[in-house]
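Chemist:
Residue numbers (our numbering): 446 to 676.
1. Excluding the 5 residues preceding and the 5 following residue 653 in the sequence, name in chain order all residues of the same chain whose CB lies nearer than 6 Å to its CB.
2. Given this structure, state the Cα-to-Cα distance separating residue 615 from residue 590, to the nearest angstrom.
3. Less than 6 Å between C-beta atoms, sequence neighbours within five positions excluded: which residues of the same chain meet that for residue 526?
4. Residue 546 to residue 645, Cα distance in whole Å?
5. Which full runs of the alpha helix (DSSP H) of 4+ residues lie inside the stretch 568-613, going along the chain?
6. Are the Cβ atoms of residue 581 and residue 557 separated by less than 9 Å?
7. Just to confirm the assignment, what range does the beta strand (DSSP E) spanning residue 550 have?
8. On a CA-only basis, which of 662, 499, 676 is nearest residue 656? Give me that one, please.
9. In or out: residue 559 buried (at least 16 other Cβ within 10 Å) or exposed?
10. Which term fits residue 602, buried or exposed, when burial requires 16 or more other beta carbons within 10 angstroms of its beta carbon?
11. In whole angstroms, what separates the C-alpha of residue 536 from that of residue 491?
12. Could you spell out the range, first to last residue, of the alpha helix (DSSP H) harbouring residue 487?
13. What is the DSSP secondary structure of residue 539, counted as helix, strand or coil?
14. Please classify residue 657: does DSSP put it in a helix, a strand, or coil?
15. Which two residues bound the contiguous beta strand (DSSP E) that contains residue 530?
16. Can residue 495 and residue 510 be called in contact, C-beta distance under 9 Å?
17. Using only the alpha-carbon positions, how far apart do residue 515 and residue 489 sit?
18. Where does residue 592 land, buried or exposed, given buried means 16+ other C-beta within 10 angstroms?
19. Using 10 angstroms around the beta-carbon of residue 503, count the other beta-carbons present and answer buried if the total reaches 16, otherwise exposed.
20. Assign residue 629 to buried or exposed, taking buried as 16 or more other Cβ atoms, counted over all protein chains shown, within 10 Å of its Cβ.
21. Between the alpha carbons of residue 640 and residue 626, how many angstroms are there, rounded?
22. In the DSSP assignment, what are the bridge partners of residue 557?
23. Could you check what DSSP says for residue 460 in three-state terms: helix, strand or coil?
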């Protein structure tokens with residue numbers, strides 16, 4: 446059993462991603478696809494420590510963060526004392542009224558939900574989204590490689606920040622990469638991840654009743670899939 450201390454250590458390491466250009470670009474791509482308007486009520490489902498939710502809030506939307514990990518939400522709360530947070534299980538009925546949110550973002554979450562429960566979660570998203578509301582989801586693709594994300598980050602770092610700063614960041618991120626691989630190994634022993642083929646996310650959205658599903662966009666060093674759709 447992975448206890449609270451494990452998740453606290455995991456999410457402290459996870460937040461090093463904020464230094465990583467491909468991760469920054471992933472969050473920006475999700476925000477761009479959400480097309481956020483001031484005052485909109487937006488759910489980040491599986492918000493973790495709030496990195497994406499904080500980006501959404503910067504755009505003057507009202508964001509709620511939901512996660513099933515108390516340790517992650519505690520870290521999020523330290524970043525934003527006014528954050529609206531919900532501790533809940535994504536494999537069960539979500540604690541929101543019908544037609545409640547203008548938009549929903551779900552990043553790097555669905556792949557960790559058991560495959561047989563993914564359709565019901567997408568249906569729950571449909572239920573709580575307002576008519577005309579938008580959902581954006583992103584998950585690692587089948588066969589994704591961490592080293593490819595790392596290499597993409599190194600290349601972009603050299604381009605943006607030069608040699609010295611890049612080398613220092615590379616060493617810091619290398620330590621992170623080793624730790625995150627170790628933690629992911631421990632997590633994988635107790636759970637089963639399901640990574641998506643190129644069109645699988647779209648099919649899940651359409652089957653749940655969503656329309657105008659977008660063509661899949663490769664993001665995060667081309668190792669993750671991004672799709673959006675409208676209720």
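Built from N, CA and C at the ideal position, the CB exists for glycine as well. Because the structure is a prediction, the values reported are computed rather than measured.
Modeler: In this structure, then:
1. One-based indexing of the chain shown puts residue 653 at position 208. For residue 653, where only same-chain residues beyond five positions count, the Cβ hits under 6 Å are 567, 568, 571.
2. What you label residue 615 is simply residue 170 of the chain shown in a count that begins at 1. What you label residue 590 is simply residue 145 of the chain shown in a count that begins at 1. Rounded to the nearest angstrom, the two C-alpha atoms are 17 Å apart.
3. The residue you call residue 526 lines up with position 81 of the chain shown. Cβ within range, chain order: n/a, list empty.
4. Counting from one through the chain shown, the residue named residue 546 turns up at place 101. Counting from one through the chain shown, the residue named residue 645 turns up at place 200. Whole-angstrom Cα-Cα distance: 24 Å.
5. 591-606
6. Residue numbering aside, residue 581 sits at position 136 when the chain shown is read from its first letter. Residue numbering aside, residue 557 sits at position 112 when the chain shown is read from its first letter. The answer is no: Cβ separation not under 9 Å.
7. Within the chain shown, the letter at position 105 stands for residue 550. Here the beta strand (DSSP E) through residue 550 covers 546-552.
8. As a position in the chain shown, residue 656 is number 211, starting the count at 1. The candidate whose alpha carbon is nearest that of residue 656 is 676.
9. Here the question's residue 559 lines up with position 114 in the chain shown. Burial call: exposed.
10. Your numbering for residue 602 matches position 157 in the chain shown. Burial call: buried.
11. Numbered from 1 along the chain shown, position 91 holds the residue referred to as residue 536. Numbered from 1 along the chain shown, position 46 holds the residue referred to as residue 491. About 11 Å.
12. Position 42 of the chain shown, counted from the start, is the residue given in the question as residue 487. Element bounds for residue 487: not the alpha helix (DSSP H) but the beta strand (DSSP E), 486-490.
13. Reading the chain shown from its first residue, position 94 is the one you call residue 539. DSSP places residue 539 in coil when its eight states are reduced to three.
14. Mapped onto the chain shown, residue 657 falls at position 212. In this structure, residue 657 counts as coil in the three-state DSSP scheme.
15. Stepping through the chain shown from its first residue, residue 530 is reached at position 85. Per DSSP, residue 530 belongs to the beta strand (DSSP E) from 529-532.
16. Your numbering for residue 495 matches position 50 in the chain shown. Your numbering for residue 510 matches position 65 in the chain shown. In contact: residue 495 and residue 510 (Cβ atoms closer than 9 Å).
17. Your numbering for residue 515 matches position 70 in the chain shown. Your numbering for residue 489 matches position 44 in the chain shown. Approximately 15 Å between the Cα atoms of the pair.
18. Along the chain shown, one-based indexing puts residue 592 at 147. Exposed, because fewer than 16 other Cβ atoms sit within 10 Å of the Cβ of residue 592.
19. To locate residue 503, count along the chain shown from 1; it is residue 58. That one is exposed.
20. Taking the chain shown and counting its residues from 1, the one referred to as residue 629 is at position 184. By the neighbour-count rule (16 or more Cβ atoms within 10 Å), residue 629 is not buried but exposed.
21. Position 195 of the chain shown, counting from 1, holds the residue named residue 640. Position 181 of the chain shown, counting from 1, holds the residue named residue 626. Computed Cα separation, rounded: 16 Å.
22. Taking the chain shown and counting its residues from 1, the one referred to as residue 557 is at position 112. According to DSSP, which records beta bridges pairwise, residue 557 is partnered with nothing at all.
23. Here residue 460 corresponds to residue number 15 of the chain shown, with the count starting at 1. Looking at residue 460 - three-state DSSP - the assignment turns out to be helix.
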